[in-house]
Amino acid sequence: MKSSKLIILSMLFSSSVLFGGVSAHAEETPKHGASINSKSTVSFEEDTSLTDPLDPTNPDEKDPITPLDPDDHEPGTNGPLSIDYVSNIRFGLKKASGKNEVYWANLDEVKDSNGTDKEIPNFVQITDKRGVWKGWHLTVTQEKQFYNAAAKESLNGAQMTLMNAVPHSKDGAEAPTVKNPIALAPGVAQDVANAEESKGSGTWSVRFGQDNEEAKQSISLEVPSTTTKAQGEYATTLTWKLTDSPI
C-alpha cells in the first residue's frame, strides 16, 4: 500500500513539473478580441378579445361550453376586464300552492365542444387580463320582483338566494373573496366576489355548488303562502356588474 501511494505522489509531482509551463502560458491575457452589446425587447398591448366560457368544475380552454339556449343568453363582454358568461336561473314549472314554499333552481344545461349535452352548476365567469393585478369587484342586482306580464301580477314577498359560492380558476392566481349566502332584494346591488390588489388575475368562475349534487340545492326561491300565484310565467332580470374598483 505504501508503494502505491509513493508512486502516485511521484507521478503527480512529475506532472506538475512537466506541464507547469503550459498552464502558465494558457492563463496569459489574449492580445486580440472584441465585445459588443445587443438588445432584447418585448411590448404588450391591450387584449380586447372574447373569452370562451368553460366548465366551472373542470375548466379546459380546449373544451369550451355553449348554452343549450344561446338565443336566450346575452353574449359575453369583451375587453381586458370582462364578464364571459352568466347562467340563466330557471326554477321550472311548479304547482301553485297555498303554503310557504321553497323552490330550487335547475342545473345549467350546456353543450361541450363535441356537442354533447351536460348539466353543470349555475355560475358566472369573469376574466381579468389587464396584467396589472389591480383587483376587481362583482355585484348582482335583481332589477324587479318576479312579474307575470300576462296576468299583470308580481310575486310579492318572494326572495331568491344564491348559496354555496365556490371561486375557481385554472390560472393559479390567488382567489377572490366570495359572499355566502347572497340574499337578493329587488333594486339592491349585492356583492358576489371581490378581488383585492394582487388577487383574481386570469379567468375565474364563481359557481353555486361544489358539484352537481350540491348545486341542486344552491339557489332557492322562497314564496310565501299569502302570495298570489297566477298561472303563467313570472320573470325577473339579474344584472351582473364588474368594476375595476375592489372594496
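Residues -26 to -1, 1 to 221 in mature numbering (1 follows the signal peptide of the UniProt record, and there is no 0) are what the sequence shown lists, from first letter to last. Think of the CB as a built atom: it goes at the ideal place given N, C-alpha and C, for glycine as much as any other residue.
In this structure, the beta-carbon distance from Y77 to T210 does not fall below 8 Å. Comparing alpha-carbon positions, the option among P160, H47, A159 and S56 lying closest to S23 turns out to be S56.
Burial check for N96: the Cβ neighbour count within 10 Å reaches 16 or more, so the residue is buried. Comparing alpha-carbon positions, the option among V98, E35 and K36 lying closest to V152 turns out to be V98. DSSP places E196 in the strand class (E or B) of the three-state scheme.
Contact between L158 and Q191 does not hold, since the beta-carbon distance rounds to 17 Å and is not under 8 Å. Put simply, the backbone Cα of E83 is about 19 Å away from that of K68. DSSP, reduced to helix, strand and coil, places N122 within a strand of the structure shown.
Contact annotation: the stretch 193 to 212 touches the stretch 127 to 138, with at least three C-beta pairs closer than 8 Å. Taking a cut-off of 8 Å for Cβ pairs, the stretch 159 to 173 and the stretch 36 to 47 do not touch, as fewer than three such pairs fall below it. Residue range N186 to A189 is occupied by the alpha helix (DSSP H) that includes E188. L28: not part of any beta strand (DSSP E); DSSP gives it neither H nor E. About 6 Å separates the Cβ atoms of V166 and T113, confirming a contact at the 8 Å cut-off.
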